[in-house]
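S.K.: Position 117, counted from 1, in the sequence shown is what numbering that gives the first Met the number 0 calls 116; the numbers after and before it change by one each time, with no gaps. All residues carry an ideal CB built from backbone N, CA and C; glycine is no exception.
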Amino acid sequence: MANEQFRNKYKRFLETVLNGVKWIARAAILALLLVAALNAVFPEFLSALGRLLGFEGRPSLAAVFGVAVLSLILERVLVIEDEMKRRDVQTFRKKQDAYDALPEFAGARVSRVDLIQFSGYSALAFLGKAAKVWPKAKIRMLLYHPGSASKFDSDVPTSDVDHITRIRTVLGELKLMKKDQGNDLDIQARFYRTDPSVSAVILDDKAVNLSWYRVYPDSDNSEIFHLRGHNSAAITAKGEAAFELISFAREQFDALWAKGENPLKPD
Numbered sequence: 000m001a002n003e004q005f006r007n008k009y010k011r012f013l014e015t016v017l018n019g020v021k022w023i024a025r026a027a028i029l030a031l032l033l034v035a036a037l038n039a040v041f042p043e044f045l046s047a048l049g050r051l052l053g054f055e056g057r058p059s060l061a062a063v064f065g066v067a068v069l070s071l072i073l074e075r076v077l078v079i080e081d082e083m084k085r086r087d088v089q090t091f092r093k094k095q096d097a098y099d100a101l102p103e104f105a106g107a108r109v110s111r112v113d114l115i116q117f118s119g120y121s122a123l124a125f126l127g128k129a130a131k132v133w134p135k136a137k138i139r140m141l142l143y144h145p146g147s148a149s150k151f152d153s154d155v156p157t158s159d160v161d162h163i164t165r166i167r168t169v170l171g172e173l174k175l176m177k178k179d180q181g182n183d184l185d186i187q188a189r190f191y192r193t194d195p196s197v198s199a200v201i202l203d204d205k206a207v208n209l210s211w212y213r214v215y216p217d218s219d220n221s222e223i224f225h226l227r228g229h230n231s232a233a234i235t236a237k238g239e240a241a242f243e244l245i246s247f248a249r250e251q252f253d254a255l256w257a258k259g260e261n262p263l264k265p266d
């Protein structure tokens, strides 16, 4: 966990540095073009600027344009690399990494956030961020019914894996979020009982994150089923590239939501 946090901080630091270099390159291009323009109007401008900067002799106009071209190439390389990182389809080694990237990936305008989760525990941080980044968005969350969750990993001590406690913890957090933000936060939750398979976050109809849960019987006892995939690899897509994935996730969500049970009824 500590190594993961360090990598994330280091990644954000590098992104900040590269973004700064990109703007410095742009400023250099503008400054050099301004110098060239002033030299065209005032032929002695370069000589005066050279003396002011302590250069011996008169800087050539070709040198000024050469530096401008190099700055332009550097700026374009950084922009192209940045655009490649922000391509419409991205894959992530862990679902949590995808959740961290979703707000920036989807943009500032999102009016509806729909989630299919098992316990929802791994999505808590994303929910908190979503409520801040998209305060007017309607959030709907599907969680597995705790009455059925006990059939998974029943051979594992609850101190190691406690699906029911995690589900109820998430419900408690949702209630606290509603209480803290009052009527400004439109958040709903429902239980589903169909065996878990798809994990999804759907942002309007413009972006989607998909991952999968894996359910399989124990090798020694066929009556025990294990559940994995809480932080497995994920794919995130937006725009035209996401059309089929959004349609698939939307169909799954709508079917489960229509039959879901409401756990957030007023006490």
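Take V132 and list the residues in its own chain whose beta-carbon comes closer than 6 Å to its own, dropping the five residues that flank it on each side.
M.R.: Answer for V132: P102, listed in chain order.
S.K.: From L170 to W22, what distance separates their C-alpha atoms?
M.R.: The straight-line gap from Cα to Cα measures roughly 44 Å.
S.K.: How would you write the range of the alpha helix (DSSP H) that K258 sits in, first residue to last?
M.R.: K258 -> no alpha helix (DSSP H), and no H or E assigned at all.
S.K.: Of the residues Y191, M176 and F190, which one's Cα is nearest the Cα of L184?
M.R.: M176
S.K.: State the Cα-Cα distance for the pair K150 and F224, rounded to the nearest angstrom.
M.R.: 7 Å
S.K.: Is the CB-CB distance between W211 and V200 below 8 Å?
M.R.: By the CB criterion at 8 Å, W211 and V200 fall outside the cutoff.
S.K.: Is DSSP giving K178 helix, strand or coil here?
M.R.: DSSP places K178 in helix when its eight states are reduced to three.
S.K.: Going by DSSP, what residues sit across from F190 in a beta bridge?
M.R.: L142 and E260
S.K.: Count Cβ pairs between the region 238-245 and the region 140-154 that sit closer than 8 Å; are there 3 or more?
M.R.: Too few Cβ pairs lie closer than 8 Å, so no.
S.K.: Can you tell me the Cα-Cα spacing of D113 and T193, whole angstroms?
M.R.: 17 Å
S.K.: Need the endpoints of the beta strand (DSSP E) that Y215 sits in, please.
M.R.: Its beta strand (DSSP E) spans residues R213 to P216.
S.K.: Looking at the unbroken alpha helix (DSSP H) that takes in Q89, where does it start and where does it end?
M.R.: Careful: Q89 lies outside any alpha helix (DSSP H), inside the beta strand (DSSP E) at V88 to F91.
S.K.: Identify the continuous beta strand (DSSP E) that holds D154 and give its terminal residues.
M.R.: Bounds of any beta strand (DSSP E) do not take in D154, whose DSSP letter is neither H nor E.
S.K.: Here's a check: name, in chain order, each residue in its chain whose Cβ is nearer than 6 Å to the Cβ of R139, leaving out the five neighbours to either side.
M.R.: D113 and Q187
S.K.: Between the alpha carbons of K94 and K137, how many angstroms are there, rounded?
M.R.: 22 Å
S.K.: When you compare only the Cα positions, how much space is there between K174 and F125?
M.R.: 16 Å
S.K.: Count the other C-beta atoms from every protein chain shown that fall within 10 angstroms of the C-beta of T235, then say buried if there are 16 or more, exposed otherwise.
M.R.: buried
S.K.: To the nearest angstrom, report how far apart D219 and Y98 are at their CA atoms.
M.R.: 35 Å
S.K.: What three-state label does DSSP hand T198 in the structure shown?
M.R.: Here residue 198 is Ser; the residue named in the question, Thr, does not match the sequence. Three-state result, S198: strand.
S.K.: Determine whether the beta carbon atoms of Q89 and A130 lie at a separation below 8 Å.
M.R.: no
S.K.: Give the DSSP-derived three-state secondary structure of H225 in the structure shown.
M.R.: strand
S.K.: Which of the three DSSP states, helix, strand or coil, is assigned to K128?
M.R.: helix
S.K.: In whole angstroms, what is the alpha-carbon distance linking G127 and S153?
M.R.: 30 Å
S.K.: What are the boundary residues of the beta strand (DSSP E) that L101 is part of?
M.R.: Looking at the DSSP string, L101 is not in any beta strand (DSSP E); the run it does join, the alpha helix (DSSP H), is K94 to A105.
S.K.: For N208, list the residues DSSP reports as bridge partners.
M.R.: V200 and T235
S.K.: How should K237 be labelled, buried or exposed, when 16 other C-beta atoms within 10 angstroms of its C-beta is the threshold for buried?
M.R.: buried
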